Amino acid sequence: MIRTSIVFSAMAVLLSGMVWTEAGANTRYVDDAVKDPFECQGAPYATIGAALADSQPGDEIRVCPGVYPEQVVITKQLRFTGISIGTNRPVIKPTALPATRPSILGGNPVAAAIIVDAEFVRMDNLDVDLSQITSPAACSPALAGVYLRDASGVVERLNIHEVKVPGRPDCDSGVALYIESGQIGDELGRPIYGLARVNIRDCFFSGYQKAGLVGNGPRTILTIKDGEAIGLGATNGAVQAGYQFGLGATGKVSSIVTRAHRSSIAGKAAAGLLVYQSERVSIRKMEAYDSETGVLGVGDRLRVKKSTLSGLAGDGIVFLGDANVASGNLIEEASVSGAFVNGARNSIRGGVMRNMNLGVWFQSGFGNRYAAIRFEGVPVAGQALSGGIRADMTVAAAAPFTTACEVPLECDDGRECTADACSGTGVCSSSAVVNGTTCASGTGTCTAGNCIVP
């Protein structure tokens with residue numbers, strides 16, 4: 013005990029004398045209202061928002077261990093770092109999310125515990141906890157733990173959890189880390205696109221409603237290494253994915269773990285990793301367990317290599333597209349098939365398929381092939397199948413996260429006295445119902461869009 017106290021006291025003295033005595037320093041320290049004698053004594057800021065308000069582009073915000081019940085909105089290029097002391101580190105735990113940003117892909121609002129609306133950011137060593145968000149019970153705005161909007165940078169060692177819409181498991185929302193790019197203008201009639209090039213390393217996602225990490229947009233380029241995404245298991249709510257590349261996003265994934273992604277909704281497939289309308293995504297040394305589909309690829313030129321896909325209620329790998337390759341994977345205990353292919357010039361080669369009734373299933377297309385697979389516990393007659401009819405695994409089985417609406421439910425703003433609508437272009441709108449209409453709860457009447465209880 014004496015030795016530990018000496019170490020912490022020495023650390024406190026070292027921290028207290030580092031930089032916050034320098035009024036003009038570019039490094040700004042934050043310590044929460046609960047002061048610990050061994051943590052960041054003398055830090056000039058008690059909230060992250062106050063430090064951000066004083067910061068300039070290029071500054072670093074260092075956050076000491078503690079709980080910060082605030083939403084963080086970053087509009088400047090900077091570094092946002094959590095300090096660990098022992099096992100303690102900062103927790104961003106807001107009770108409300110008043111600030112939103114319009115999604116670049118569709119224009120509908122997105123709310124998040126941390127919103128990054130700057131060209132570049134570096135985030136490291138933070139916990140994000142949305143368990144204290146209790147309202148509104150609404151599908152719009154879309155909910156995320158961290159939202160990078162046309163922002164590039166580095167995201168390391170984030171633990172994001174409990175990103176759920178309060179009381180609304182039917183909402184197709186709740187993404188731990190959402191990264192997005194899209195058109196930000198035009199020049200001489202030509203579109204101008206923003207860039208979201210982000211390196212993500214050693215991040216942990218759990219308790220999310222829709223997905224762990226989603227990258228959407230034509231100039232979203234992600235490099236993901238290490239980390240884990242843990243789903244909710246079989247659910248009648250949002251169809252989950254651990255990781256998603258969608259709507260033109262591309263990148264590389266290595267050494268990640270996904271588990272517990274299953275769906276109880278007929279005709280929809282949950283996935284450890286979903287690629288939707290994207291190309292050239294490389295997946296290497298991924299582990300997917302206890303899920304419905306290990307990798308569900310709706311796109312071309314995907315690569316799945318040296319991965320382990322096990323305990324699957326559906327398929328190990330699904331390719332709905334062309335020129336995709338699965339190489340050197342271990343796929344075991346898949347209830348439907350080791351690999352299901354509907355497209356052209358796809359290749360399944362090498363690796364092991366173990367303990368399943370059907371190994372490789374080429375439903376249709378030309379130029380598809382398989383080679384050098386070691387089958388163990390797979391009947392000879394089921395090692396390869398060509399043709400057949402399968403209505404449950406088409407492009408419609410994918411359930412990607414997008415901010416553009418498809419049905420009015422996705423536009424539900426949680427207010428009793430508004431009518432919500434989804435346009436043909438995926439944009440939500442809400443309008444007040446006729447005055448005098450009984451509130452949805454039956455406890456009052458509507459006036460100017462608000463429920464008035466006598």
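For what it's worth, this note's numbering labels the leading residue of the sequence shown as 13, then goes sequentially.
Note that the Cβ used here is the ideal one computed from N, Cα and C, for glycine as well.
Bear in mind the structure is a predicted one, so any value in this text is a computation, not a measurement.
Looking at the secondary structure, which residues open and close the beta strand (DSSP E) in which residue i lies?
i: Asp198; result: 195 to 199
i: Val103; result: 102 to 104
i: Arg333; result: Correcting the residue identity first, residue 333 is Gly in this sequence and not Arg. No beta strand (DSSP E) contains Gly333, which DSSP labels as neither H nor E.
i: Leu7; result: Residue numbering for the chain in the displayed model covers 13 to 466; residue 7 lies beyond these limits and cannot be assessed.
i: Asn358; result: Counting along the chain, Asn358 falls outside any beta strand (DSSP E), and DSSP gives it neither H nor E.
i: Cys440; result: 440 to 444
i: Glu192; result: 187 to 192
i: Leu286; result: 283 to 291
i: Arg180; result: Note, Arg180: premise wrong, no beta strand (DSSP E); not H, not E.
i: Asp432; result: 430 to 434
i: Tyr57; result: Run containing Tyr57: none; DSSP gives neither H nor E here.
Could you spell out where the alpha helix (DSSP H) holding residue i opens and where it closes?
i: Asp61; result: Before going further, note that residue 61 is Gly rather than Asp in the sequence given. Note, Gly61: alpha helix (DSSP H), 60 to 66.
For my contact list, residue i and residue j are in at a C-beta cut-off of 8 Å; report their separation, rounded to the angstrom.
i: Asn341; j: Ser319; result: 5 Å
i: Pro178; j: Ser147; result: 6 Å
i: Gly98; j: Val75; result: Rounded, the Cβ-Cβ distance is 16 Å, inconsistent with contact.
i: Val79; j: Asp44; result: 6 Å
i: Gly326; j: Val293; result: So it is not a contact: roughly 20 Å between Cβ atoms.
i: Gly436; j: Gly118; result: About 12 Å; that fails the 8 Å criterion.
i: Ala250; j: Asp425; result: Not confirmed; about 18 Å, so no contact.
i: Arg357; j: Ala383; result: Not really, about 14 Å apart at Cβ, beyond 8 Å.
i: Leu324; j: Glu345; result: 7 Å
Bridge partners for residue i per DSSP, in chain order?
i: Met467; result: As shown, the chain starts at 13 and ends at 466. That puts residue 467 outside it, with no answer to give.
i: Asp136; result: Thr93, Glu168
i: Thr270; result: Ala241, Ala300
i: Lys317; result: Arg296, Ser339
i: Arg202; result: Glu199
i: Arg213; result: Glu168, Lys237
i: Ile464; result: Thr457
i: Asn354; result: Ser376
i: Ser84; result: Per the sequence shown, the amino acid found at residue 84 is Val instead of Ser. Val84 pairs with Ile126.
i: Pro121; result: Pro114
i: Asp43; result: According to DSSP, Asp43 bridges with nothing at all.
i: Arg402; result: According to DSSP, which records beta bridges pairwise, Arg402 is partnered with nothing at all.
i: Ile208; result: At residue 208 the sequence reads Ala, which differs from the Ile that was named. Ala208 is bridged to Thr232.
Is the beta carbon of residue j closer than 9 Å to that of residue i?
i: Asp214; j: Glu168; result: yes
i: Ser443; j: Ala452; result: no
i: Asn228; j: Tyr255; result: no
i: Gly259; j: Leu286; result: The residue asked about is misnamed: residue 259 is Leu in this sequence, not Gly. Contact flag unset, no.
i: Val133; j: Ile86; result: yes
i: Val310; j: Tyr288; result: yes
i: Asp129; j: Ala163; result: yes
i: Val330; j: Ala253; result: no
i: Arg161; j: Val122; result: yes
i: Gly333; j: Ser349; result: no
i: Pro106; j: Leu138; result: no
i: Ala416; j: Ser115; result: yes
i: Val445; j: Gly456; result: no
i: Ser376; j: Arg361; result: no
i: Gly239; j: Arg271; result: no
i: Thr247; j: Val210; result: no
i: Leu225; j: Ile212; result: yes
I want to check one thing, is the minimum distance from the CB of residue i to the heavy atoms of the ligand SAM below 8 Å?
i: Ala431; result: With respect to small molecules bound, the structure shown includes none, and the ligand SAM cannot be examined in it.
Helix, strand or coil, according to DSSP, for residue i in the structure here?
i: Glu422; result: helix
i: Val128; result: strand
i: Gly227; result: strand
i: Val407; result: helix
i: Ala150; result: coil
i: Val79; result: strand
i: Val392; result: helix
i: Ala253; result: strand
i: Leu69; result: Note that residue 69 corresponds to Pro in the displayed sequence, not to Leu. Of the three classes helix, strand and coil, the one that applies to Pro69 here is coil, per DSSP.
i: Glu174; result: coil
i: Asn447; result: coil
i: Gly326; result: coil
i: Arg427; result: coil
i: Pro110; result: coil
i: Val348; result: coil
i: Ala156; result: strand
i: Gly263; result: strand
i: Leu397; result: strand
i: Asp141; result: strand
i: Ser218; result: strand
i: Gly258; result: strand
i: Ala22; result: In this prediction, Ala22 has a pLDDT of 38, which is less than 50 and means its spatial position is unreliable; nothing more can be read from the coordinates.
Taking CB distances under 9 Å as the criterion, tell me whether residue i reaches chain D.
i: Thr415; result: In summary, chain D is missing from the structure at hand, where a single protein chain is found.
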